[in-house]
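Chemist: This structure is in structure tokens; I'll ask about it shortly.
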Amino acid sequence: MDFCTSLLPLLCALSFWVKNSFSTSSRALFPILGMCPSWGCFCPLDAILGSAGCPHIPCIPGGLSPASDTPVPYPTATMTLDPNTAHPDLILSEDCKSVRRGGGRRDLPDNPERFDYWPFVLGCQGFMAGRHFWEVEVGDGGDWAVGVARESICRKGHLSLCPQGGIWGVEKWGGQVRALTTHKVTLLPLRWVPRRVSIHLDYGGGTVAFFDADEGRLMFIFSHASFTGERVHPWLWVVGARSQLRLCP
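So, in structure tokens, the structure goes:
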């Protein structure tokens, strides 16, 4: 299993190359496809995103399946940020739709919901069922991370930034875009850094998919995600001092 896991970045890169090597005419011969981390086989993307999952995807810690295609329509969820969860370094807009780093740590109540170590903030809206979709405008400034987090995520002190720690996310760090996978991050072989990221949550199907919202290209999928029956929330990490994130719509 460790050997298979170590091959995932290579398989993801191979999938990306194969998909982008097809001519328009040859791609028309195929259904919507995604590369599975098995012997080079292809499976319909809706099988990967659907409730059944792709039968070829092995049980890998963190439940990941690299692929590259267009998003499946999900109902749009209107989101706002929860100021009671925001780290004291963060400043939220009046409409609680955008967040940025401030000039220093503000004097705020240390309530149980508030993060005190990482500059995180959660969305007010939480989900325990269904399919949901929202976008985050990440801009082209500093570093960032977006995704979903369990409601029970640790608010005080350090925590693991991966599914085992209750987070399913992607990050931009040092000019690279990476998935926050279990054990170590997975570098995504993208030829661009997105300015807007769309997040597609299928709670019952156990998938969290990330797309470049402008290009409509799939960045990464977490499959077989275990939410353990608890509520999950949109999760934003304002990594860089120049970063400003905004929920859309």
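The sequence shown runs -23 to -1, 1 to 226 under mature numbering (1 follows the signal peptide of the UniProt record, and there is no 0).
Virtual Cβ for every residue (Gly too), placed ideally from N, Cα, C.
For Pro96, which three-state DSSP category applies?
Modeler: Mapped onto the sequence shown, residue 96 falls at position 119. Coil, per DSSP.
Chemist: Provide the residue(s) that pair with Phe204 in DSSP beta bridges, ordered along the chain.
Modeler: On the sequence shown, residue 204 is found 227 positions in, with the first residue counted as 1. In the DSSP output, where bridge partners are listed per residue, Phe204 has none listed.
Chemist: Taking the straight line between their C-alpha atoms, what separation do you get for Arg219 and Gly116?
Modeler: Reading the sequence shown from its first residue, position 242 is the one you call residue 219. Reading the sequence shown from its first residue, position 139 is the one you call residue 116. If you draw a straight line from the Cα of Arg219 to the Cα of Gly116, it is about 10 Å long.
Chemist: Count the other C-beta atoms from every protein chain shown that fall within 10 angstroms of the C-beta of Tyr180, then say buried if there are 16 or more, exposed otherwise.
Modeler: Position 203 of the sequence shown, counted from the start, is the residue given in the question as residue 180. By the 10 Å Cβ count, Tyr180 comes out buried.
Chemist: Quick check on DSSP: helix, strand or coil for Pro171?
Modeler: Taking the first residue of the sequence shown as 1, we reach residue 171 at position 194. In this structure, Pro171 counts as coil in the three-state DSSP scheme.
Chemist: With a Cβ-Cβ cutoff of 8 Å, do Gly100 and Pro211 count as a contact?
Modeler: Taking the sequence shown and counting its residues from 1, one reaches residue 100 at position 123. Taking the sequence shown and counting its residues from 1, one reaches residue 211 at position 234. Result yes, Cβ atoms of Gly100 and Pro211 sit closer than 8 Å.
Chemist: In whole angstroms, what separates the C-alpha of Phe199 from that of Ala186?
Modeler: The sequence position of residue 199 within the sequence shown is 222, counting from 1. The sequence position of residue 186 within the sequence shown is 209, counting from 1. When rounded, the distance between both Cα atoms is 6 Å.
Chemist: In whole angstroms, what separates the C-alpha of Ile68 from that of Leu178?
Modeler: Against the sequence shown, residue 68 aligns to sequence position 91. Against the sequence shown, residue 178 aligns to sequence position 201. When rounded, the distance between both Cα atoms is 26 Å.
Chemist: With Val123 and Ile176 assumed to form a contact (beta carbons below 8 Å), what rounded beta-carbon distance in angstroms separates them?
Modeler: Sequence index remark: in the sequence shown, residue 123 carries index 146 (1-based). Sequence index remark: in the sequence shown, residue 176 carries index 199 (1-based). Yes, they are in contact, since the Cβ atoms of Val123 and Ile176 sit about 7 Å apart, within 8 Å.
Chemist: Expressed to the nearest angstrom, what Euclidean distance is found between the alpha-carbon atoms of Tyr94 and Phe104?
Modeler: Against the sequence shown, residue 94 aligns to sequence position 117. Against the sequence shown, residue 104 aligns to sequence position 127. Spanning the two alpha carbons is a distance of roughly 25 Å.
Chemist: Please classify Gln141: does DSSP put it in a helix, a strand, or coil?
Modeler: To locate residue 141, count along the sequence shown from 1; it is residue 164. Three-state DSSP puts Gln141 in a helix.
Chemist: Compute the Euclidean distance between the alpha carbons of Leu213 and Asp191, then round it to the nearest angstrom.
Modeler: For the purposes of this step, residue 213 is identified with residue 236 of the sequence shown, where counting begins at 1. For the purposes of this step, residue 191 is identified with residue 214 of the sequence shown, where counting begins at 1. C-alpha separation (whole angstroms): 19 Å.
Chemist: With DSSP as the reference, label Val76 as helix, strand or coil.
Modeler: As a working note, residue 76 is residue 99 in the sequence shown. Three-state DSSP puts Val76 in a strand.
Chemist: Nearest to Leu167 by CA position, among Val147, Arg91 and Thr184, is which residue?
Modeler: Position 190 of the sequence shown, counted from the first residue, corresponds to residue 167. For Leu167, the nearest C-alpha among the options comes from Val147.
Chemist: If you check the beta carbons only, do Arg82 and Pro65 fall under 8 Å apart?
Modeler: The residue you call residue 82 lines up with position 105 of the sequence shown. The residue you call residue 65 lines up with position 88 of the sequence shown. Cβ distance < 8 Å, so Arg82 and Pro65 count as in contact.
Chemist: Would the C-beta of Trp150 count as close to the ligand HEM, meaning under 7 Å from any of its heavy atoms?
Modeler: Absence of the ligand HEM is noted for the structure shown, with no ligands found whatsoever.
Chemist: Nearest to Thr62 by CA position, among Cys73, Ala54, Glu114 and Thr53, is which residue?
Modeler: For the purposes of this step, residue 62 is taken as residue 85 along the sequence shown, with counting starting at 1. Considering only alpha carbons, the answer is Cys73.
Chemist: Roughly how many angstroms lie between the CA atoms of Val174 and Val113, to the nearest whole one?
Modeler: Here residue 174 refers to the residue found at position 197 when the sequence shown is read from its first residue. Here residue 113 refers to the residue found at position 136 when the sequence shown is read from its first residue. Cα to Cα, Val174 sits roughly 5 Å from Val113.
Chemist: As a quick exercise: from Gly217, Lys133 and Gln141, pick the residue whose alpha carbon is nearest that of Gly80.
Modeler: For the purposes of this step, residue 80 is taken as the residue at position 103 of the sequence shown. Ranking Gly217, Lys133 and Gln141 by Cα distance to Gly80 puts Gly217 first.
Chemist: Return the CA-CA distance between Cys13 and Glu207, expressed in angstroms with no decimal places.
Modeler: Walking along the sequence shown from the start, residue 13 turns up at place 36. Walking along the sequence shown from the start, residue 207 turns up at place 230. Low per-residue confidence applies at Cys13: pLDDT is 37, beneath 50, and the placement is therefore not dependable, though the value from the model is reported in the following sentence. Rounded to the nearest angstrom, the two C-alpha atoms are 29 Å apart.
Chemist: Out of curiosity, what's the CA-to-CA distance linking Arg172 and Asp189?
Modeler: As a first step, residue 172 is located in the sequence shown; it is residue number 195 there, counting from the start. As a first step, residue 189 is located in the sequence shown; it is residue number 212 there, counting from the start. Answer to the nearest angstrom: the Cα atoms are 8 Å apart.
Chemist: Assuming contact is defined by CB atoms lying nearer than 8 Å, are Gly143 and Ile130 in contact in what I supplied?
Modeler: Locating residue 143 in the sequence shown gives position 166, counting from the first residue. Locating residue 130 in the sequence shown gives position 153, counting from the first residue. The Cβ atoms of Gly143 and Ile130 lie closer than 8 Å to each other.
Chemist: Taking the continuous beta strand (DSSP E) assigned at Met196, which residues delimit it?
Modeler: Taking the sequence shown and counting its residues from 1, the one referred to as residue 196 is at position 219. Run containing Met196: Arg194 to Phe199, per the beta strand (DSSP E) assignment.
Chemist: Should Val170 and Lys149 be called a contact, given that it needs their Cβ atoms to be closer than 8 Å?
Modeler: As a first step, residue 170 is located in the sequence shown; it is residue number 193 there, counting from the start. As a first step, residue 149 is located in the sequence shown; it is residue number 172 there, counting from the start. Their beta carbons are under 8 Å apart, which means Val170 touches Lys149 by this criterion.
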